[in-house]
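Under this note's numbering, read the sequence shown as residues -4 to 377, first letter to last. We put the CB at the ideal spot given by N, CA and C, even for glycine. Below: the structure, in structure tokens.
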Amino acid sequence: MTESTDTSLRKATYKELIACQFSSWYPKFRALNKHSEKVYPKNNVTIRSKIISPLPHEFIEYLKSDGVVLPRGAEKLSSCIPENVDDWSTDDEHEHQEEDDDDEQHEELAYFPELNRQIEEILETLGPVMPKLNWSAPRDVSWLNESTLKCSTLGDVYLLLKSSDFCMFDLDHALDDIDLPSEEDPKVEHELVLRKWSNLHASMEFRCFVSRHELIAICQRNHTEHYPHLKKEYMEIRSLVMDFFDEYIQHNYADGEIENYIFDIYVDKSQRVWLLDFNLFSERTDALLFTWREINSLHNGLTLAEDGDEEEESKSKDEVDVIDCDNTKPIMRVVMNEYDVQFDPLASYRAPIDTVDLASDKAGTQTFKEFMEMCQKPSEMD
């Protein structure tokens, strides 16, 4: 049976979903020569990371609960907190004595001593990290952490995870729109991933689309910015990505058992390609400079020129002007004109500027203290 050209009808399978969760693919790509009879030029092609799995049920319930109350032992945030936090006036203690008495009536703060210990040990080993769950990183709430996912303390990690709708999707909706096997009750074992922090230049991150084991499309990952150097370098980058796919990805991902998937990569200054992540080949994953109709046309063996309405649809997608190599696979797209970048989908998750100022301490130590108290205490309206 020929697959429908309507990608909205295609469901990713449970097997595909599990294959792209972090713990399924990371061990192999971090130690290639250990997991293969073939000798690879590079033993690892991804960033050093640690996985905590399974996560305690109590911690999952804490993440799902309302409010942003940090657990005991993780009350302070290194990336936002002022250096003189310990010098805050103790006079405030008298002003808030009655409030402190009321606080005793609230439920005790959540406490995860073993998880705290594990995270702190990883921070000691790796230094600053980027947190994520099985599939998603809390990119939607980076504004809480000076517009970065760099976490240096326990509090940083917990605040981002607790505040993120993206992470909540992993917990509550991971199986939505997934073609589930009828003969068993599929489950998800939740995991916390802490990746060693790396200062990646956003212009050199790319998303790659694989259909039936063939690399069919590549585009810049940050499609909301114009990077002039990509206009000159994109064909060279395309060749690097193709070689990387042929050498390391094509026959290794899920042992070749998954034929449709998406992966993200980074090209460093020495032109070494690094694997960042795998994603589902479905509309759940942002097609960025492509439309899913275009990706599906390529998936079904068509060129974009063969899809009669495709050119009009492609141009209407925020009218982005891109460099487009459409005649050969993989198609490569980068934003060409600084005036025609796309809308940032994360913009709708950002907070009002006065809240951001509080989080970043731009309004001073006292207002920052008030912001921290709001984060750490249950709402008086509860």
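- Going by C-alpha positions, GLN266 is about 23 Å away from THR323.
- For SER206, the three-state secondary structure derived from DSSP is strand.
- According to the DSSP assignment, TYR256 belongs to the beta strand (DSSP E) that extends over 256 to 262.
- Annotated three-state conformation of LYS227 is helix, per DSSP.
- Bridge pairing for ALA212: PHE204, ILE326 [DSSP].
- With contacts defined as CB atoms closer than 8 Å, ALA105 and ARG67 qualify as a contacting pair.
- In the structure shown, the three-state DSSP call for ASN274 is strand.
- Judged by pairs of C-beta atoms under 8 Å, the region 123 to 140 touches the region 151 to 161, as three or more such pairs exist.
- The way I'd put it, the region 123 to 130 doesn't touch the region 199 to 217; fewer than three beta-carbon pairs between them come closer than 8 Å.
- HIS218 sits buried, since 16 or more C-beta atoms from the chains shown fall within 10 Å of its C-beta.
- Residue pairing for PRO126: DSSP places it in a beta bridge opposite LEU189.
- With a 10 Å radius around the Cβ and a threshold of 16 neighbouring Cβ atoms, ARG112 comes out exposed.
- As the crow flies, the alpha-carbon of GLU252 is around 43 Å from that of VAL64.
- The DSSP-derived three-state label of VAL236 is helix.
- Distance from the CA of GLU56 to the CA of PHE17, rounded to the nearest whole angstrom, comes to 21 Å.
- Runs of the alpha helix (DSSP H) spanning 4 or more residues and lying entirely within the region 140 to 178 occur at 149 to 158, 160 to 167, in chain order.
- Under the three-pair Cβ rule at 8 Å, the region 181 to 199 counts as touching the region 108 to 123.
- DSSP lists VAL262 as the beta-bridge partner residues of VAL268.
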